[in-house]
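Okay, so the sequence shown: first residue is 1 according to UniProt numbering, each after it adds one.
Worksheet for the structure shown next.
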Amino acid sequence: MNEPGVMAQLLRPAELRRRGLLMAATVLVLTFLAPWGTDRLPPMRRACGWLAMVVVWEVAIVLVVGAVLAWRRRHGRQAACLGPGWTVAIVMIAAVPAVPLCLLATFRHIPSAATCAVFTLNSVGLGAIISLLRTRWRAGPSEAAPEAAAIAMALADGARGDADAFLARHAPHLAGTQLLALEAEDHYLRIHTDAGDALVLLRLRDAVEGLGAESGLQVHRSFWVARDAAPLARRRGQAWALEFAGGLSVPVSRANVAACRAEGWL
């Protein structure tokens, strides 16, 4: 369902710490406000109940977000293009597994249909409000980025880390520079960075697999471009090329034009 690269980035320590802090804050607020009659419960039991439900919802939302990001990448779409409506939609999809589990955790059995309906409406409504507030807090008052966009930023951070590790392993003298592109030269690979290039004995296919799908895009059978390289597009007749400072020009094959447009490069 999810691409391994996507879920691996969603489970990075930095992303887990961020979500853990947000979960703790959510549990503290709900325990203090005690909605839906939970004020009748002892504080510790109330906190444990909210913690269980928040954890269930968080896991469900992470799985749904991972599936959405993977699906959009397979179809050449950008994760950062998701709007606030996606946040609500993701919460509603996550409710399918989350609500029954929360019902069982709260009532120890499935209650009447009326109770289930009210519980579902309250859960989805509260979940949507919390998700929107959390993503707005992360983005700032002037830019209410959706939850998926916030995770897309974490994916981009992971891609930069992969590029740094790649340079340190295959071109140590270029470690710390920005990876721009990879170019296949027979059985060798030319690594292009903003501080120069290096020729190493490595196949392009192996290098791309090692960097991961989140790090960049293969735009030609002999060229791969880093996702955060920010190239300039140039059209030459019916063909496109991506150009970088320093004179590097990377041709774009016709089959990859749509994917480059989805990245915002063309």
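The C-beta atom is built at its ideal place from N, Cα and C for all residues, glycine as well.
Bear in mind the structure is a predicted one, so any value in this text is a computation, not a measurement.
Check                                                                                      : Outcome
Beta-carbon spacing of V225, W240 below 9 Å                                                : no
N- and C-terminal bounds of the alpha helix (DSSP H) containing L204                       : L204 to L211
Where P251 falls: helix, strand or coil (DSSP)                                             : strand
Own chain residues within Cβ distance below 8 Å of E143, not counting five before or after : Only weak support is given to the placement of E143: the predicted model assigns it a pLDDT of 39, under 50, and the question is left unresolved by the model.
When W36, L28 and M23 are compared against M44, the one with the closest alpha-carbon      : L28
Selected residue, minimal CA-CA separation from L189, among L266, A195 and L199            : L199
Identity of the residues DSSP links to D162 by a beta bridge                               : According to DSSP, which records beta bridges pairwise, D162 is partnered with nothing at all.
Residue from E263, L167, M92 and A52 whose Cα sits closest to the Cα of A207               : L167
Backbone secondary structure at A144 - three-state DSSP                                    : Since pLDDT at A144 reaches only 38, below the 50 mark, its modelled position is unreliable, and the value read off the structure follows with that caveat. In the structure shown, A144 sits in coil (DSSP, three-state: anything other than H, G, I, E or B).
Assigned secondary structure, L179 (DSSP; H/G/I helix, E/B strand, else coil)              : strand
Opening and closing residue of the beta strand (DSSP E) in which R235 lies                 : L232 to R236
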